[in-house]
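Residues 557 to 870, numbered by this note's numbering, are exactly what the sequence shown covers, in order.
Okay, so here's the structure we're looking at.
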Amino acid sequence: MNWTDLKITVSTKDAETAEAIAQMAVPYGIYIEDYSDMLELVPQIAHIDLIDEELLARSRTEAILHLYLPPDENPAEAADFLTRRLEAEGIPYRMETDQTLAEEDWANAWKRFYHPTHLGERLVVCPSWEQYAPAPQELVMTLDPGMAFGSGTHHTTRLCCELLEHLPVEGARVLDMGTGSGILSIAALMLGAEEAVGVDIDRVAVRTAAENAAENGFGADRFTAVTADLVHQPLGEELTRGGFDIVLANIVADVIIALAPAIARHLKPGGHLVASGIILPRREEVIAALEAEGLTVAGDREQEGWCALLMQKG
């Protein structure tokens, strides 16, 4: 079974923002070619003369995002979404498609680059084929990249987990908006949350999140995965049951702003929001949208141009 490789070429300075946009459109397979720091990193792994000349000739001013779509998905829809979002952000790009990638090649390629990753002081994410001996205080979740994003390697996920580790998670009810692979829901459950509800607009992400939660010992009694667009479709009372103690939203600035009324509606008074996927130039804009809904800033974290916000509902 062959997958469509939708390739987007952008300037390396725009690569992280383009990646965040791409994850909204195709949350089950993204690979990035970025050789901007190759010459700085090469001495750490090999002598420069041993590196293939073709690799050295690759552009170090442009990055290529490969988005992999299954045969039953329409590439034109993803391309249209990406075109609108990239143009709205003012990001120049080139786009092309290739339909020669076999599913087996994509699935196996990840294993060379995916290793145990620390997400905070206690949380560790580890692929099923790796061995990891945790320290007494560490909590290890098993998560394979497969076809879903959210493996924990991106700054935005780490920032979320760092904030989450310092919240009163024990016994909490958690809403994970844009759950992706379910990694943040699983993290919250491992930290002692009573229940987590993961919501995503993509059915593949929802299925994957439920599978990942089950793999880590959290069945339907602790984790519920739902396909919904919370901008236009509030959760029913059977799921909200009076609201949530913690809302997690690791998405992008535009979506968090659009979700601000839903976040306030689903969050209990005194409850906390952890919002990430926000590039620093959009930080104040996101804060303003959330403050307009009655939330106040309680803390934040920054890393390499990204920020995560901790906010509390009054």
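Cβ atoms here follow ideal geometry from the backbone N, Cα and C, with glycine treated the same way.
Just so we're clear, the structure is a prediction, and the values are computed from it rather than from any experiment.
Environment of residue i [buried if 16+ CB atoms lie within 10 Å]
i	result
residue 753	buried
residue 579	buried
residue 600	At residue 600, the pLDDT of 37 sits below 50, so the modelled position is not reliable; the number obtained from the coordinates is stated separately. So residue 600 counts as exposed.
residue 646	exposed
residue 764	buried
residue 569	exposed
residue 576	buried
residue 537	The chain is shown only over 557 to 870; residue 537 falls outside these bounds and no answer can be derived.
residue 559	buried
residue 597	Model confidence at residue 597 stands at a pLDDT of 41, short of 50, so the residue's coordinates are unreliable and nothing is read from them.
residue 857	buried
residue 639	exposed
residue 801	buried
residue 833	buried
residue 572	buried
residue 758	buried
residue 574	buried
Nearest to residue i (by Cα), restricted to the options the options
i	options	result
residue 813	843, 565, 761 and 589	843
residue 810	800, 799, 839 and 782	839
residue 588	618, 639 and 757	618
residue 641	851, 808 and 826	808
residue 868	648, 833, 859 and 826	826
residue 737	723, 677, 782 and 693	782
residue 698	636, 720, 757 and 672	672
residue 776	712, 692 and 750	750
residue 621	849, 725, 650 and 691	650
residue 835	721, 780, 859 and 681	859
residue 747	772, 756 and 760	772
residue 728	761, 797, 841 and 629	797
residue 623	643, 565, 648 and 644	565
For residue i: DSSP bridge partner residues
i	result
residue 630	The partner list for residue 630 (beta bridge, DSSP) is empty, contrary to what the question assumes.
residue 650	565
residue 859	862
residue 832	806
residue 751	729
residue 779	752
Assumed close pair residue i, residue j - CB separation to whole angstroms, cut-off 8 Å
i	j	result
residue 805	residue 734	6 Å
residue 769	residue 741	7 Å
residue 846	residue 816	5 Å
Closer than 8 Å is the cut-off here; do at least three beta carbon pairs connect the stretch 856–867 with the stretch 716–729? With a cut-off of 8 Å on Cβ pairs, the stretch 856–867 is in contact with the stretch 716–729, counting three or more such pairs.
Would the stretch 674–682 and the stretch 819–835 be scored as touching if the rule is three or more Cβ pairs under 8 Å? In short, these stretches do not touch, since the Cβ pair count stays below three.
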